[in-house]
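Numbering (this note's numbering), first residue to last: -14 to 65.
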């Protein structure tokens, strides 16, 4: 969702916590005030707007397709 330009927040107990770029968007699921704070930041913080742009440049369908294609081609080298 972040790569699509949508403000994003995630629980810090999910796999998303493994991604460095998500650190400012993670909230404690047992703390409503933390969730409130992260939502407000996600909707208003220019830093996160810029971060979304960086995420989009790194994670998009074109890049994913190219990575899959390269993996298939590299794997074929070992099979033949």
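Ideal placement from N, C-alpha and C gives every residue a C-beta, glycine not left out. Owing to the predicted nature of the structure, the values given are computational and were not obtained by experimental measurement.
Is residue i buried or exposed, if buried means 16 or more other CB atoms sit within 10 Å of its CB?
i, result
"residue 27", "buried"
"residue 37", "buried"
"residue 137", "Past the edges of the chain, shown from -14 to 65, lies residue 137, and the structure says nothing about it."
"residue 43", "exposed"
"residue 51", "exposed"
"residue 25", "exposed"
In terms of residues, what are the limits of the alpha helix (DSSP H) holding residue i?
i, result
"residue 26", "17 to 29"
Please report the distance separating the alpha-carbon of residue i from that of residue j.
i, j, result
"residue 57", "residue 39", "27 Å"
"residue -1", "residue 49", "22 Å"
"residue 12", "residue 59", "39 Å"
The ligand GDP and residue i: does the residue's C-beta get closer than 7 Å to at least one heavy atom of that ligand?
i, result
"residue 11", "Only the bare structure without any ligand can be found here, which leaves the ligand GDP out of the picture."
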